[in-house]
Amino acid sequence: MPANETVQGLGLEEYKYGFITDEGKPVFKSEPGLSEAIVRQISMHKDEPEWMLEFRLKALEIYYSKPMPNWGGDLSRLNDTLDEIYYYLRPQDHMERSWDDVPQEIKDTFEKLGIPEAERKVLAGVGAQYESEMVYHSLKKEWEDKGIIFESIEDGLRKYPELFREHFSTIVPPGDNKFAALNSAVWSGGSFVYIPKGVKVNTPLQAYFRVNAEKMGQFERTLIIVDEGAEAQYIEGCTAPVYTTDSFHSGVIEIVVKPNARFRYVTIQNWSSNMYNLVTQRAMVHEHATMEWLDGNLGSKLTMKYPSCYLVGEGAHGEILSIAYAGDGQHQDTGGKVVHAAPHTTSQILSKSISKGTGRSTYRGLCKIYDGAEGAKSNVECDALLLNETSRTDTFPYIEIEEQTASVGHEASVSKIGAEQLFYLMSRGLSEVEAAAMIVRGFIEPIAKQLPLEYAVELNRLIELEMEGSVG
Amino acid sequence: MSEPLLKISNLHAEVAEDGTEILKGVDLEVNAGEMHAVMGPNGSGKSTLAKVLSGHPGYEVTQGEVLYRGENLLELEVDERAREGIFLAFQYPVDIPGVSIANFMRTAVQSRSPDEEVDIFDFQEALVERMQLLEMDPSFAARSVNDGFSGGEKKRNEILQMAMLEPALAIMDETDSGLDIDALKIVSSGVNKLKTERPDMAVLLITHYQRILNYIQPDRVHVMVAGRIVRSGGPEVAAELEEKGYETWRTEPVPV
């Protein structure tokens, strides 16, 4: 595909010049900060139906009315950030950033991780072309033939308005929390996925494939509908560090898993360490359906994210596997929520966190079992590994049981890399760095083994890199 | 061969944390291919000797010298000593959850040859073969290192590692403790086979009881009491000990 066609196809022209000047579309300048005018502009620019504009405006009101959360991480400086960021179109120089501007540590990490040249540029936000676009196109045809829908969220609304409207915001309503309200007002970019009844998809759907300049957007909105008996997996993100000057990311992911269907959503985020990452992820799980969240939080300054499974049909099953890595100056406030609202539902949360240097990892989880959820079973295990004297971990498990016949288990552990373990491994010839890395890999193994192979490999390499920093 | 593989001279060592002296002037020489047994009562310092030789950070050498292949061993780090061919079979092997034996072994074997990639098929074959030698089920290789292992399984896993890493000097720290007679036979048989395969391998067998020496024939036997070697001789020393016990050596003047 010739270069200029590719660039046009990506819609990057909008960013090069600030926006598209089409007939009927007024020209405007982007400014920092949020206002009703900006929300209207977003909706108009996307050519949205009236109901969506109303939805956005209503959400904006809710956002203004809600206070900042007084729990979780330190959000004290977030207000300033929120006044400064661009909520939609970014200024020209941001997108025209050159490879030279990318910080050396990021370039070094790409080098060490063996990230291919083309991918590095995309991750650094400078590239326009991406080789896997070819892969995407052939897969797309295969999926289309099966009736699978995998579009950008904007195209989802445009092409499948009824299906979209049926489910949109029914799982995460704008009033759910302040940042869901914000996202509902200014959402842009994300995926719309529909898997038809009984269809089983073998290849994971990757967010990467949506070669869309807004894929690294701040306010992604994703809606996934898995119809009865269908099976699929979706992967968002990558383990490689993503360099961005964005300082705030607030996504909303809504998933419906219909009866007897199975779905797994994998996120590995490694945002740069200046980012606030506040995300609402929730799945509604129906009769005998299964939902698995695999959540990897490696980057960002502060992440607050609690993937949730609302088990609303009899026999539904939900799992949340979470890995968090908090390095110097980072705070990962993560975990999950399981809500049992039907009989014989089962759930499992497994959280593994590593704190290094002054890093802080917090497990925050909810297990709620409603009256009538007969025979519900839930098990939570959260394990923390502290690598240095200054590292910190906290656990806040919330358990609310209203059903007599339910059974709930909870285990927590905190450990550090034992001197004896290190000695044992080193006495077999492993260097201190190799030994520490091996112990850490062993710690996260129960979750890492669920990751697609390339991710597991990259994760292992990342750990080795981090260990080098801590012992070397 | 003019110089001994291992030459320990007047070695004094204390517990790093509180300065308690454990080794009070140990002298010992081991040549390549020799099987030495070091026997002693509890608290004699024999396990400490093993740990000091492998470089355990919990102990500090205050006096004396250890030469390995003529070079100062005490200058080397734990992993450097291992790569030089020293292996320690632990008395209490450590758990490494989430790391399979196969993975662990492959990494250890790879660290011995940093310039050349270990061929995975050759490695698998060797691992399975060594496991069979030690009557270990090959499915064991997928289990997490020592995690949930019985005492006997842990000790056999130590010998498996020894078999895979092919050390020049193998130090076996009370390998026989906690083993029933069947496990003891399997472990001993494994060690003997390794010794036959690699006649140059030297072994320092540390033990409390004479029993293992019925299965593994030592060339030299040393008795260690109160931080020093008080008697050295041939296999007959073991028989002597069996008869007289350790008490004799507590009062007798310095050795041989």
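For the record, the sequence lines run as chains A and B.
With the first letter of the first sequence counted as 1, position 255 gets the number 246 in our numbering; the numbers rise by one all the way through.
With the first letter of the second sequence counted as 1, position 195 gets the number 584 in our numbering; the numbers rise by one all the way through.
Idealized CB from N, CA, C, for every residue including glycine.
Opposing strand residues paired with residue i [DSSP bridges]
| i | result |
| --- | --- |
| B:D562 | B:I595 |
| A:K328 | A:S299 and A:L357 |
| A:A375 | A:S344 and A:V405 |
| A:V314 | It is Ile, not Val, that sits at residue 314 of chain A in the sequence shown. According to DSSP, which records beta bridges pairwise, A:I314 is partnered with A:G287 and A:K343. |
| A:L293 | A:Y267 and A:H322 |
| A:I244 | A:T213 and A:Q272 |
Simplified DSSP state of residue i, which is helix, strand or coil
| i | result |
| --- | --- |
| B:S577 | helix |
| B:S528 | helix |
| A:N265 | coil |
| B:V626 | helix |
| B:V483 | coil |
| A:L44 | helix |
| A:G433 | helix |
| A:N193 | coil |
| A:G64 | coil |
| A:I226 | strand |
| B:V507 | coil |
| B:F476 | strand |
| A:H308 | strand |
| A:H279 | coil |
| B:K663 | Coverage of chain B is limited to positions 390 through 645, which leaves residue 663 of chain B absent and any answer about it impossible. |
| A:Y389 | strand |
| B:M428 | strand |
| B:V441 | helix |
| B:F512 | helix |
| A:V163 | coil |
| A:T336 | coil |
| A:V175 | What sits at residue 175 of chain A in the sequence shown is Ser, not Val. Helix. |
| B:S502 | coil |
| B:I490 | helix |
| B:T451 | strand |
Member of the options whose CA lies at the smallest distance from the CA of residue i
| i | options | result |
| --- | --- | --- |
| A:M59 | A:P23, A:D71 and A:T325 | A:D71 |
| B:A471 | B:D511, B:Y457 and B:Y481 | B:Y457 |
| B:L554 | B:K543, B:G541, B:D526 and B:R587 | B:R587 |
| A:K359 | A:V399, A:E41, A:L378 and A:K347 | A:V399 |
| A:R68 | A:N265, A:F183 and A:L378 | A:N265 |
| A:S422 | B:L558, B:V517 and B:D468 | B:D468 |
| B:E625 | B:V619, B:H611 and B:A615 | B:H611 |
| A:K328 | A:V371, A:P152 and A:Q32 | A:V371 |
| B:Y448 | B:V455, B:E454 and B:T437 | B:T437 |
| A:Y415 | B:G429, B:E406, B:Q480 and B:L465 | B:Q480 |
| A:T396 | A:T386, A:K49 and A:A333 | A:A333 |
| B:H401 | B:G459, B:L395, B:G422 and B:L463 | B:L463 |
| A:P250 | A:A375, A:A274 and A:L289 | A:A274 |
| B:S578 | B:L465, B:S533, B:M613 and B:Q606 | B:Q606 |
| A:E283 | A:P298, A:G356 and A:V431 | A:P298 |
| A:I430 | A:E310, A:P443, A:E457 and A:L44 | A:E457 |
| B:S433 | B:G408, B:E629, B:A405 and B:H597 | B:H597 |
The ligand PLP heavy atom lying under 6 angstroms from the CB of residue i
| i | result |
| --- | --- |
| B:I605 | The ligand PLP is absent from the structure shown, which contains no ligands of any kind. |
Beta-carbon spacing of residue i, residue j below 7 angstroms
| i | j | result |
| --- | --- | --- |
| A:F239 | A:Q209 | yes |
| A:S344 | A:S352 | yes |
| A:G166 | A:E211 | no |
| A:I186 | A:V217 | yes |
| A:T294 | A:Q323 | yes |
| B:A531 | B:S489 | yes |
| A:T258 | A:E227 | yes |
| B:N431 | B:P393 | no |
| B:E563 | B:I601 | no |
| A:E305 | A:H331 | no |
| A:S342 | A:C373 | yes |
| B:P482 | B:K543 | yes |
| B:K440 | B:G616 | no |
| B:A497 | A:R419 | yes |
| B:N535 | B:D484 | yes |
| A:A176 | A:R31 | no |
| A:E278 | A:R253 | no |
In chain order, what residues of the segment 407 to 426 of chain A put their CB closer than 9 angstroms to some CB of chain B? G409, A410, E411, Q412, L413, F414, Y415, L416, M417, S418, R419, G420, L421, S422, E423, E425 and A426: these are the residues of the segment 407 to 426 of chain A whose beta carbon lies less than 9 angstroms from some beta carbon of chain B, given in chain order.
Residues of the segment 180 to 200 of chain A in Cβ contact with chain B at a cutoff of 8 angstroms, in chain order, please. Residues of the segment 180 to 200 of chain A with a C-beta atom less than 8 angstroms from some C-beta of chain B do not occur.
What are the residues of the segment 431 to 449 of chain A that lie near chain B, defined by any Cβ-Cβ distance shorter than 8 angstroms? Cβ contacts with chain B come from R432, G433, F434, I435, E436 and P437.
Can you list, in chain order, the residues of the segment 602 to 620 of chain B whose Cβ is nearer than 9 angstroms to any Cβ on chain A? Listed in chain order, the positions of the segment 602 to 620 of chain B with a beta carbon within less than 9 angstroms of a beta carbon of chain A would be empty, since no residue qualifies.
Listed in chain order, which residues of the segment 235 to 266 of chain A have Cβ atoms closer than 7 angstroms to some Cβ of chain B? For the segment 235 to 266 of chain A, which is checked against every Cβ of chain B, not one residue is closer than 7 angstroms.
Against chain A: residues of the segment 462 to 473 of chain B by CB proximity under 7 angstroms: Those residues of the segment 462 to 473 of chain B that come within reach of chain A (Cβ to Cβ, closer than 7 angstroms) are V467, D468, A471 and R472.
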